Ligand SMILES: Cc1cc2nc3c(=O)[nH]c(=O)nc-3n(C[C@H](O)[C@H](O)[C@H](O)COP(=O)(O)OP(=O)(O)OC[C@H]3O[C@@H](n4cnc5c(N)ncnc54)[C@H](O)[C@@H]3O)c2cc1C
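Numbering (my numbering), first residue to last: 823 to 1296.
Structure follows, in structure tokens:
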């Protein structure tokens, strides 16, 4: 069916903007979650909001599903295409349209790479704060869809805190602007909706002033527990670092093998703590952080002497996901959240799961906001190893839920975690969320099959649930 749209799209977008060659289509068969694959029926590369809208309208007229894709670095299969659908790739929409430093904002197209926003304004002393570790390649459109986070989101907040407006092609092909204003917070509903409520074609982002001072510490600990205790002590002292990241021994081993970051030998865990802000405040808090780390048991502390040194410290952390490829043929990047105070208990639980199953788990995480990224390692050539890794991965999410956490912190639900949603939400919760989706996309053609375990069309369920006087839903 999508193939039949190819000619129409060639006429509207130009011949170079439509891909239907089976070999070239394979390039788009997955995102960063490579064990889910589907060759798209058709790929289009629009260059404007009007072209995106034309594609969406044609898909809706033909009853063909469509999926937006930015850079394809998503780790939950959000941009997994449909074999019976059209993949709308934003990589040709890469213009920074406006920079307004007086109002600390920029307007960008969705395919703009995250780091390029910072590069464009750094000479003037500004930057774009949300910094996923994939920031050299991921797109702002993808960041909006996933409400992406990053190491510095502990202090500065997630993407949602830095997006002021989005131009959106709605699932009926209209171009509208969602922004700050009276009435329902539709922008809030759109950010983090994983490409299911429309396609953003223009984003107004907030620019942040570069801090006066930055200090970065690498602290090595004899155990994960002592490193966790240092995190609690720092936050408990009322200090809000720009970032607090933790890596355990296996993650350090992988990072060393990949990028030779020179982390202290013999560390069972390292913390990267970064403070930024006005010089006197940073100096005072940094001294306190160093003291608290020492009291918690840090046996070595290294302070970045300059930007090059700082970059090397961060290189180990930021390369950690990819680095794990050095010590394992395959791995699952898990993403769960727990209250910070539950860190020691949950990490002990993950260790227990790993020992009992024989499946190795490396831990890299945004310790400051309790966002875990256990990397579950396996050999995909070994029969049953993938399934065992999946089981451990699911058990880790159960552990997060049992401790009052969540099945995703920043990578989204996508296809990967749709099956875990009922572990966290009741059927009524899921129905209510799908009523929102149906309000935007009645025919359920915009990135269908993502987020919800049992997708429902608006004509059937979700039904409107009414509250009874005793609070029961019926
Ligand atoms: C090595 C590595 C490190 C990572 N580190 C982090 C991290 O620190 N923090 C973090 O949050 N994530 C991280 N990620 C995950 C990923 O980079 C983010 O989710 C990122 O926001 C995805 O952007 P993308 O352009 O690649 O989007 P894609 O993967 O192309 O798409 C992601 C989702 O966005 C939707 N989408 C894309 N463009 C649009 C649009 N214009 N309108 C509407 N929907 C759209 C897609 O349909 C899909 O559902 C990491 C990934 C890798 C591979």
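The beta carbon of each residue, even a glycine, is placed where N, CA and C say it ideally should be.
Everything numeric in this text was worked out from a predicted model, so none of it was measured.
Below 7 Å, is the gap between the Cβ of residue i and the nearest heavy atom of ligand 1?
i            : result
residue 1251 : no
residue 1011 : no
residue 831  : no
residue 932  : yes
residue 891  : yes
residue 849  : no
residue 921  : no
residue 947  : no
residue 1021 : yes
residue 960  : yes
residue 853  : yes
residue 897  : yes
residue 1215 : no
residue 1143 : yes
residue 1055 : no
residue 770  : Residue 770 cannot be examined here, being either before or after the span of the chain that is shown, 823 to 1296.
So, at 6 Å on beta carbons, what are the nonlocal neighbours of residue i in its own chain, with the 5 sequence-adjacent residues on each side left out?
i            : result
residue 1049 : 1043, 1068, 1091, 1093
residue 1150 : 1199
residue 958  : 937
residue 967  : 1016, 1017
residue 1035 : 1101, 1104
residue 1053 : 1066, 1189
residue 1225 : 1160, 1164, 1168
residue 956  : 895
residue 1080 : 1141, 1145, 1148
residue 1038 : 1096, 1126, 1132, 1135
Which residues does DSSP list as the beta-bridge partners of residue i?
i            : result
residue 1036 : 1098
residue 1120 : For residue 1120, which the question treats as bridged, DSSP gives no partner whatsoever.
residue 1067 : 1094, 1188
residue 1228 : 1159
residue 1268 : 888
residue 1027 : 928, 985
residue 1041 : 1093, 1123
residue 1022 : 990
Within 10 Å of its beta-carbon, does residue i have 16 or more other beta-carbons around it, so buried, or fewer, so exposed?
i            : result
residue 1156 : buried
residue 919  : exposed
residue 1065 : buried
residue 931  : buried
residue 939  : buried
residue 1253 : buried
residue 1060 : exposed
residue 1140 : buried
residue 1171 : buried
residue 1133 : exposed
residue 1107 : buried
residue 1006 : exposed
residue 1294 : Any reading at residue 1294 is ruled out, since the residue's pLDDT is 38, under 50, leaving its predicted position unreliable.
residue 1284 : The predicted position of residue 1284 is uncertain, since its pLDDT is 48 and thus under 50; no value can be drawn from it.
residue 1266 : buried
residue 944  : exposed
residue 1111 : buried
Please list, in chain order, all residues of the same chain as residue i whose beta carbon is under 8 Å from its beta carbon, the five residues on each side excluded.
i           : result
residue 984 : 950, 951, 952, 978, 1027, 1028, 1030
residue 828 : 840, 842, 864
residue 826 : 884
Between which residues of its own chain and residue i is the CB-CB distance below 7 Å, once the five residues before and five after are set aside?
i            : result
residue 860  : 851, 902, 903, 904, 905
residue 1271 : 1237, 1277
residue 991  : 871, 874, 875, 878, 997, 1020, 1021, 1023
residue 1001 : 986, 987, 1009
Compute every distance between the C-beta of residue i and the non-hydrogen atoms of ligand 2, then say whether any falls below 7 Å.
i            : result
residue 1269 : In the structure shown, ligand 2 is absent; the only ligands present are ligand 1.
Determine whether the Cβ of residue i lies closer than 8 Å to any Cβ atom of chain B.
i           : result
residue 850 : Annotation note: the requested chain B is absent from the structure, which comprises a single protein chain.
**Q.** Length at least 3, wholly inside the segment 873-948: the beta strand (DSSP E) runs in chain order
**A.** Correct list: 888-891, 908-911, 918-922, 927-930.
Q: Just list the beta strand (DSSP E) runs in the segment 1124-1159, keeping only unbroken ones of 3 residues or longer that don't cross its boundaries, in chain order.
A: Taking 3 residues as the minimum length, the beta strand (DSSP E) runs contained wholly in the segment 1124-1159 are 1152-1155, in order along the chain.
(Q) Report the start-end ranges of each beta strand (DSSP E) in the segment 1160-1206 that is 3 residues or longer and not cut off at the edges. (A) Listed in chain order, the complete beta strand (DSSP E) runs (minimum 3 residues) inside the segment 1160-1206 are 1183-1188, 1193-1200.
Q: Ignoring anything shorter than 3 residues or poking outside the segment 939-1013, list the beta strand (DSSP E) runs there in chain order.
A: Complete beta strand (DSSP E) runs here, min 3: 985-991, 997-1001.
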